[in-house]
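Engineer: Sharing a structure here in structure tokens format.
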């Protein structure tokens with residue numbers, strides 16, 4: 101009879117796992133023996149990614165959940181599906197995001213860029229906090245992590261516009277995107293503060309200019325023209341994913357929280373992203389918008 105203790109398989113939830121950086125992160129974690137629960141918006145891409153990931157190793161543990169995170173109800177539903185499939189989450193990678201060609205309002209009354217890049221990940225994270233805390237309670241401090249894919253674009257946003265938080269009155273594609281990416285960092289800072297006593301760390305990163313992803317296909321003409329001039333700075337999805345894999349698996353990121361990274365190295369975020377008062381207010385504003393969509397959280401935050 102084998103009485104050796106069973107090694108628990110680490111579980112990662114990766115959003116945007118059906119393509120681009122997210123799929124590259126999922127691949128790397130599967131190859132390390134992790135169980136990956138991916139979230140993607142397109143059913144066909146989810147199925148194709150799942151097949152590709154399962155073919156990596158003989159014992160690959162991969163599941164895909166289809167959800168459009170720009171709809172808060174779907175983000176909450178995805179969290180319920182994840183909790184039904186797993187009794188632990190070691191790392192949550194909030195990677196899904198994108199940019200639109202024009203102002204689009206979701207069926208829930210939110211601007212799609214802000215909803216998909218920030219509000220959906222906010223709801224998903226909040227709904228998964230009980231499971232993340234449960235995992236942290238039986239793990240070493242800093243082993244459980246929440247990661248966010250932001251962008252160097254956050255540096256072009258001077259601060260959150262509290263009078264027009266979702267840029268619906270003065271919409272520009274670039275303004276909506278950079279504001280949402282600033283929100284990613286502010287959310288990370290506030291998570292780090294609120295979860296400090298739980299042994300959970302939170303970090304954000306910027307991937308650089310990635311041209312081999314689905315991102316650029318949805319950008320408007322001006323952003324596509326800009327991206328076309330960045331060939332000399334471009335990195336592949338696989339290279340961009342290395343920072344998220346480092347943040348998910350390396351020991352060093354577990355010793356601090358609220359960090360910002362690029363190319364696996366700490367990097368100073370823009371000053372507006374370090375505004376603690378703005379981070380706290382964004383949390384409150386996001387809660388209000390979630391409540392408007394009928395989302396109730398069970399965590400004590």
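Residue numbers (the numbering used here): 101 to 401.
We treat Cβ as the ideally placed atom computed from N, Cα and C, and that holds for glycine.
Because the structure is a prediction, the values reported are computed rather than measured.
1. Helix, strand or coil: which one does DSSP assign to residue 211?
2. Give the secondary structure of residue 182 by DSSP, where H, G and I count as helix, E and B as strand, and everything else as coil.
3. Run through the DSSP bridge pairs and tell me what residue 137 is partnered with.
4. Decide if residue 102 is buried, meaning its Cβ has at least 16 other Cβ atoms within 10 Å, or exposed.
5. Applying the 10 Å Cβ sphere with the 16-neighbour rule, what's the burial state of residue 241?
6. Would you call residue 141 buried or exposed, if buried means 16 or more other Cβ atoms sit within 10 Å of its Cβ?
7. In this structure, how does DSSP classify residue 104 when only helix, strand and coil are distinguished?
8. In the structure shown, what three-state DSSP assignment does residue 147 receive?
9. Using 8 Å as the threshold, is the C-beta distance between residue 132 and residue 191 below it?
10. Threshold first: 4 residues or longer. Then list the alpha helix (DSSP H) segments lying entirely within the segment 284-312, N to C.
11. Would you mind listing the beta strand (DSSP E) stretches within the segment 327-386 that are 3+ residues and don't spill past its ends, in chain order?
12. Is it buried or exposed for residue 201, if we count other Cβ within 10 angstroms and need 16 for buried?
13. Residue 245 bridges to which residues according to DSSP?
14. Going by C-alpha distance, which of 111, 378, 349 is nearest residue 283?
15. Using CA coordinates, which residue listed in 125, 203, 238, 373 is at the minimum distance from residue 344?
16. Nearer than 7 Å: is that true of the beta carbon of residue 260 relative to any heavy atom of the ligand FAD?
17. For a quick check, are the C-beta atoms of residue 357 and residue 306 less than 8 Å apart?
18. Quick one: Cα of residue 268 to Cα of residue 281, how far?
19. For a quick check, are the C-beta atoms of residue 231 and residue 373 less than 8 Å apart?
20. Would you check if the distance between the CB atom of residue 222 and the CB atom of residue 386 is smaller than 8 Å?
21. Excluding five sequence neighbours on each side, which residues of the same chain lie with their C-beta closer than 6 Å to the C-beta of residue 112?
22. Restricting to runs no shorter than 3 residues, where is the beta strand (DSSP E) found entirely within the segment 224-283?
Structural biologist: Let me lay it out:
1. The sequence position of residue 211 within the chain shown is 111, counting from 1. Correct three-state label for residue 211: strand.
2. The residue labelled residue 182 in the question sits at position 82 within the chain shown. Here DSSP, grouped into helix, strand and coil, assigns residue 182 to helix.
3. On the chain shown, position 37 is the one that residue 137 refers to. Under DSSP, the beta-bridge partners assigned to residue 137 are 113, 163.
4. One-based indexing of the chain shown puts residue 102 at position 2. Note that residue 102 scores 49 on pLDDT, short of 50, meaning its location in the model is unreliable; the coordinates nonetheless yield the value given after this. Around the CB of residue 102, fewer than 16 other CB atoms lie within 10 Å, so the residue is classed as exposed.
5. The residue labelled residue 241 in the question sits at position 141 within the chain shown. Residue 241 is classed as exposed because its beta carbon has fewer than 16 other beta carbons within 10 Å across all chains shown.
6. Within the chain shown, numbered from 1, the residue matching residue 141 stands at position 41. Residue 141 is buried by the Cβ-count criterion.
7. Working through the chain shown from its first residue, we reach residue 104 at position 4. Below a pLDDT of 50, predicted positions are generally treated as unreliable, and residue 104, at 46, falls in that range; no measurement from the model is reported.
8. Here residue 147 is taken as the residue at index 47 of the chain shown, counted from 1. Residue 147: helix per DSSP, three-state reduction.
9. Taking the first residue of the chain shown as 1, we reach residue 132 at position 32. Taking the first residue of the chain shown as 1, we reach residue 191 at position 91. Not a contact, by the Cβ cut-off of 8 Å.
10. With a minimum length of 4 residues, no continuous alpha helix (DSSP H) run stays inside the segment 284-312.
11. With a minimum length of 3 residues, the continuous beta strand (DSSP E) runs that stay inside the segment 327-386 are 359-362.
12. The residue given as residue 201 occupies position 101 in the chain shown. By the Cβ-count criterion, residue 201 is exposed, with fewer than 16 other Cβ atoms from all chains shown falling within 10 Å of its own Cβ.
13. Within the chain shown, the letter at position 145 stands for residue 245. In the DSSP output, where bridge partners are listed per residue, residue 245 has 191, 301.
14. In the chain shown, counting from the first residue as 1, residue 283 sits at position 183. For the set 111, 378, 349, the Cα lying nearest the Cα of residue 283 is the one of 378.
15. Locating residue 344 in the chain shown gives position 244, counting from the first residue. If we check each option's Cα against that of residue 344, 125 comes out closest.
16. Absent from the structure shown: the ligand FAD. Ligands present: none.
17. Here residue 357 corresponds to residue number 257 of the chain shown, with the count starting at 1. Here residue 306 corresponds to residue number 206 of the chain shown, with the count starting at 1. No.
18. Counted from its first residue, the chain shown places residue 268 at position 168. Counted from its first residue, the chain shown places residue 281 at position 181. When only Cα atoms are considered, residue 268 and residue 281 end up about 16 Å apart.
19. As a first step, residue 231 must be located in the chain shown, where it is residue number 131. As a first step, residue 373 must be located in the chain shown, where it is residue number 273. Judged by beta-carbon spacing, residue 373 lies beyond the 8 Å limit of residue 231, meaning their Cβ atoms are not closer than that value.
20. Indexing the chain shown from 1 puts residue 222 at position 122. Indexing the chain shown from 1 puts residue 386 at position 286. If you check the CB distance, residue 222 and residue 386 come in under 8 Å.
21. Within the chain shown, numbered from 1, the residue matching residue 112 stands at position 12. When the five nearest sequence neighbours on each side are left out, the beta carbons in the same chain lying within less than 6 Å of the beta carbon of residue 112 are those of 129, 134, 136, 191, in order along the chain.
22. If we require 3 residues or more, the beta strand (DSSP E) runs fully inside the segment 224-283 come out as 244-249.
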